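Participant: So that you can map any letter, position 217 of the sequence shown is 425 in this note's numbering, and since no number is skipped, the others follow by simple counting.
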Amino acid sequence: MTSIKRLNILMADDGSEHAWAAVELIRDLALPAKTRVMALRVFTPGQITAIPEFERSLEKTKQHLLYAGARVETELTLGYPAEKIIETARQKKSNLIVMGAKGLRATLGILLGGVAQQVVEYAHGPVLIVRAPYLGLQNILLVTDGSVYSQYATRYIARFPLPENAAVQVMHVMPPPQPLLSMEPQLGGWQTVYLPPTMEDPLRQKKLEEKGHALLKRTCDLLQRHGISSTPVLKQGDAATEIMDYVKANKIDLIVAGSRGRGQFASWWMGSVSRKLVHYSNCSVLVVRGPGKE
């Protein structure tokens, strides 16, 4: 298996249960030799009196990360958290940002905290959002729509130091059987209205299934070339809904998805759907940014 030669991780530590879950996840990875971890704590002017507490928290984080065999350094800095995290990641040439999800639980799921949301949108590299409670990395779900951004995510996870016992599934969600006509608000949610079926629908359905199976095979073959066995999963419907329902039903620990990033239009699910996964899924999410200018 060809793995990433060295990880240069920036871990954003805010002292929350989600940040501690991020520490536990990093410790479970099969970290390459000479991996470096920067544990960064950003504080605002109103938190200056809490600096001694932040220093103790950072030291605790450092000691636990040292057990993973990584080279660990800490930094405590004043500023706006999202801005400092992104800025430090660039300065340190980090190839992975790891941070906890922090936010409120609502009827639609977990709402991502403002800092994590901004980092996911504007960082120039992969961002791993970790949710507590952390129960390990046994079940990984790579979602793909066949775009270049999905391909980049596939190549990234193929070389990512997942635990040896991790099971990987690859999921593609086909568009709904009938084209979408409209979405109308109803009882606090949305009612999806599709066009009525036509004589061409069976042929269209067959072509969708053929393309879906072919895409899954290509993706699984690529992972296999890196020594990773995977199971294909083909679904149909609203992409975000199908993915999140599958995650809940199958106890997925980590979703891996590609993304173009902020300010660009995405493919049929890579924009709004990938954001929904980050915001509302009940597990950790690794967002892999595609190459190229942002």
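Backbone N, C-alpha and C fix where the C-beta goes; we use that ideal spot for every residue, glycine too.
If you're wondering where the values come from, they're calculated on a predicted model, not measured in any experiment.
Look at PRO334 and VAL486 and say whether their C-beta atoms are less than 9 Å apart.
Facilitator: In this structure, VAL486 does not lie closer than 9 Å to PRO334 by Cβ.
Participant: Jot down the residue ranges of each uninterrupted beta strand (DSSP E) in the region 240-268, minimum 3 residues, whole runs only, in chain order.
Facilitator: The region 240-268 contains these whole beta strand (DSSP E) runs: 244-251.
Participant: Can you pull the DSSP bridge partners for PRO440?
Facilitator: Its beta-bridge partners are VAL378.
Participant: According to the neighbour-count rule (16 or more other Cβ atoms, all chains shown, within 10 Å of its Cβ), is THR252 buried or exposed?
Facilitator: Label assigned to THR252: exposed.
Participant: Short check: CB of LEU233 to CB of VAL338, under 9 Å?
Facilitator: Cβ atoms of LEU233 and VAL338: closer than 9 Å.
Participant: Where GLY317 and CYS491 are concerned, what is the direct C-alpha to C-alpha distance, given to the nearest angstrom?
Facilitator: With a pLDDT of only 42 at GLY317, under 50, the local geometry of the prediction cannot be trusted, and the value read off the model is given with reservation. Rounded to the nearest angstrom, the two C-alpha atoms are 10 Å apart.
Participant: If contacts are defined as beta-carbon pairs under 8 Å, then ILE305 and LEU462 qualify, I think. What distance do you get, rounded to the angstrom?
Facilitator: In fact, because the Cβ distance is near 15 Å, the residues do not count as touching under 8 Å.
Participant: Would HIS226 be called buried (16 or more neighbouring beta carbons within 10 Å of its own) or exposed?
Facilitator: It is buried - the Cβ of HIS226 has at least 16 other Cβ atoms within 10 Å.
Participant: For ALA448, which residues in the same chain have their Cβ closer than 6 Å to its Cβ, ignoring the five residues on either side in sequence?
Facilitator: VAL481 and LYS484.
Participant: Pick out whichever of LEU350, LEU411 and PRO440 has its Cα sitting closest to the Cα of HIS421.
Facilitator: Comparing Cα-Cα distances from HIS421 to each of LEU350, LEU411 and PRO440, the minimum goes to PRO440.
Participant: Where do the N-terminal and C-terminal ends of the alpha helix (DSSP H) with ALA416 fall, by residue?
Facilitator: According to the sequence shown, residue 416 is Leu rather than Ala. Taken as a continuous stretch (DSSP letters only), the alpha helix (DSSP H) holding LEU416 covers 409-433.
Participant: What are the boundary residues of the beta strand (DSSP E) that HIS282 is part of?
Facilitator: Just to set this straight, residue 282 is Thr in the shown sequence, not His. Looking at the DSSP string, the run of the beta strand (DSSP E) that includes THR282 is 279-286.
Participant: Determine the extent of the beta strand (DSSP E) in which ARG497 is found, giving its start and end residues.
Facilitator: Per DSSP, ARG497 belongs to the beta strand (DSSP E) from 492-497.
Participant: Does the Cβ-Cβ distance between VAL356 and MET379 come in under 9 Å?
Facilitator: It is not a contact, given that the beta carbons lie outside the stated cut-off.
Participant: Within 10 angstroms of the Cβ of ASP446, are there 16 or more other Cβ atoms? Answer buried if so, exposed if not.
Facilitator: Flag for ASP446 reads buried.
Participant: Looking only at its own chain, which residues have a Cβ that is under 6 Å from the Cβ of GLU281, when we skip the five neighbours before and after it?
Facilitator: Around GLU281: MET246.
Participant: Should the region 286-298 be called in touch with the region 451-461, which here means at least 3 C-beta pairs below 8 Å?
Facilitator: Contact between the region 286-298 and the region 451-461 is absent, because fewer than three Cβ pairs lie under 8 Å.
Participant: In chain order, what residues of the same chain have a beta carbon less than 6 Å from the beta carbon of ALA290, not counting five sequence neighbours either side?
Facilitator: These residues qualify, in order along the chain: VAL323, GLN326 and VAL327.
Participant: Tell me where the beta strand (DSSP E) around SER467 begins and ends.
Facilitator: It spans 462-467 - the beta strand (DSSP E) in which SER467 sits, taken as one unbroken run.
Participant: Would you decide whether ARG249 is buried or exposed? Buried here means 16 or more other CB atoms lie within 10 Å of its CB.
Facilitator: Buried is the call here.
Participant: With burial defined as no fewer than 16 other Cβ atoms inside 10 Å of the residue's Cβ, what is the status of THR285: buried or exposed?
Facilitator: When all chains shown are included, THR285 counts as exposed.
Participant: Hey, could you find the ends of the beta strand (DSSP E) GLY322 is sitting in?
Facilitator: Unbroken run through GLY322 is the alpha helix (DSSP H), 322-330; no beta strand (DSSP E).
Participant: For ALA220, which of helix, strand or coil comes out of DSSP?
Facilitator: In the structure shown, ALA220 sits in a strand (DSSP, three-state: E or B).
Participant: Below 6 Å CB to CB, which residues in the same chain sit around PRO410 once its five sequence neighbours on both sides are set aside?
Facilitator: Nothing listed; no residue qualifies.
Participant: Return helix, strand or coil for LEU370, following the three-state DSSP convention.
Facilitator: LEU370: coil per DSSP, three-state reduction.
Participant: Classify THR362 as buried or exposed, calling it buried when 16 or more other Cβ atoms lie within 10 Å of its own Cβ.
Facilitator: Buried, by the Cβ-count rule.
Participant: What does ILE337 pair with, by DSSP beta-bridge criteria?
Facilitator: Bridge partners of ILE337: MET307 and VAL493.
Participant: Suppose contacts are defined by Cβ-Cβ distances below 9 Å. Is TYR342 in contact with ALA220 by that definition?
Facilitator: Going by C-beta atoms, TYR342 is not nearer than 9 Å to ALA220.
Participant: By Cβ distance, which residues of its chain are closer than 8 Å to SER438, with the 5 residues on each side in sequence left out?
Facilitator: Only LEU350, VAL376, GLN377, VAL378, THR427, CYS428, LEU431 and GLN432 meet the Cβ criterion.
Participant: Would you list the one or two residues that DSSP bridges to VAL351?
Facilitator: Its beta-bridge partners are MET379.
Participant: Please classify PRO384: does DSSP put it in a helix, a strand, or coil?
Facilitator: In the structure shown, PRO384 sits in coil (DSSP, three-state: anything other than H, G, I, E or B).
Participant: Determine the burial state of TYR364: buried for a count of at least 16 other Cβ atoms within 10 Å of its Cβ, exposed for fewer.
Facilitator: With 16 or more other Cβ atoms within 10 Å, it is buried.
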